[in-house]
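Enquirer:
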Amino acid sequence: MNRDEVSSVTHGDLPFANPLSEAAIDAAITALELEPGAQVLDIGAGNGELLTRIFDAHPGTTTVAVEPSEPWAEAARDRGVHIVYEQTLEEAPLDPPYALVFFNASSHAIGGWDEALREYARLGDQALVGEGFWRREPSESYLADALGGATRDELPTHDGLLDGARAAGWEVVAESVASDEDWARYEETLIAQGEAHLAQDPEPDLRAWVDAAKARWEHPDGKDTLGFALLTLRKAD
Ligand SMILES: C[S@@+](CC[C@H](N)C(=O)[O-])C[C@H]1O[C@@H](n2cnc3c(N)ncnc32)[C@H](O)[C@@H]1O
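Residues 21 to 257 in my numbering are what the sequence shown spells out, letter by letter.
Laid out in structure tokens, this is it:
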């Protein structure tokens, strides 16, 4: 199984690949300021669910997805996303500025939080950004054993998340942070759906992913080290 297939099995019917509740995501979408005709860009759009919900809440917007994975890009087209670039952010022929740019958990792919913030500013006037952060200092054992050798500098702290956004010229208009219950529901659903598939099909790549997810979740620091926030950012005047 490749990474997309593992993700598809473990996420199953979950609409989003992040721990926030659907209610929190829908509230952030409803509060966005988008005129009819506004172009909305989702980088790493997955199945296009977020763009579909934005279109439903803000009729008349044009939805644009960048999604290099073929099955996810296909799913976004099936959901009715208007423009789907089956390419990476680096390859897609984008035409900024967009009224809104959405990124979910992808700043590490861009090079880190500060670089990602500059990239959002190049692409749009408003951003909806889902990003991980350290709720507390990660222990050496958590980094090595639970995250497979991750390093402390891969994520900001919560203060670093907000300070970085402000320093890059963004106003933080709204924020929603995943609760302990949100994390438990998300992590335990992924593990359970992975195990259910493995009971029928003992696929080694999926087995490795589920074992790694369990090591992360069941580590003594597994339930209070990682955080996840959804920020609504608007360019400060
Ligand atoms: C964590 S998933 C988020 C999916 C979706 N936005 C969501 O919230 O459910 C990250 C997505 O980014 C895509 N991706 C990975 N590298 C990318 C790149 N260089 N440019 C654009 N998208 C990328 C992946 O294929 C994946 O669908």
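Cβ atoms here follow ideal geometry from the backbone N, Cα and C, with glycine treated the same way. All of these numbers come straight from a predicted model, not from anything done at the bench.
With C-beta atoms as the reference, is residue 91 less than 8 Å away from residue 33?
Expert: No; because the gap between Cβ atoms is not below 8 Å, this pair is not in contact.
Enquirer: Residue 155 and residue 245: beta carbons closer than 8 Å?
Expert: Cβ distance < 8 Å, so residue 155 and residue 245 count as in contact.
Enquirer: Whole angstroms are fine: how far does the CA of residue 121 sit from the CA of residue 22?
Expert: Using only the alpha carbons, I get a separation of about 28 Å.
Enquirer: What is the C-beta distance between residue 58 and residue 72, in whole angstroms, given that I count them as a contact (C-beta under 8 Å)?
Expert: Contact flag wrong, Cβ pair sits at about 15 Å.
Enquirer: Assign residue 254 to one of three DSSP states: helix, strand, or coil.
Expert: Strand, per DSSP.
Enquirer: Does the Cβ of residue 87 have 16 or more other Cβ atoms within 10 Å, making it buried, or fewer, making it exposed?
Expert: Its Cβ being crowded by 16 or more others within 10 Å, residue 87 is buried.
Enquirer: Would you say residue 239 and residue 119 are within 8 Å of each other, going by their C-beta atoms?
Expert: Going by C-beta atoms, residue 239 is not nearer than 8 Å to residue 119.
Enquirer: Please state the DSSP three-state secondary structure of residue 122.
Expert: Of the three classes helix, strand and coil, the one that applies to residue 122 here is strand, per DSSP.
Enquirer: Please specify which runs of the alpha helix (DSSP H), each continuous and at least 4 residues long, are wholly inside the segment 50 to 108, giving them in chain order.
Expert: Listed in chain order, the complete alpha helix (DSSP H) runs (minimum 4 residues) inside the segment 50 to 108 are 69 to 77, 90 to 98.
Enquirer: Would you grab the beta carbon distance between residue 198 and residue 35 for me? Rounded to a whole angstrom, and I think it's under 8 Å.
Expert: 15 Å between Cβ atoms; not a contact.
Enquirer: Among the candidates 106, 110, 45, 236, whose CA atom is the shortest distance from the CA of residue 131?
Expert: The residue with the shortest Cα to Cα distance from residue 131 is 110.
Enquirer: Quick one, which of 243, 75, 51, 97 has its alpha-carbon nearest residue 206's?
Expert: Measuring from the Cα of residue 206, the nearest candidate turns out to be 243.
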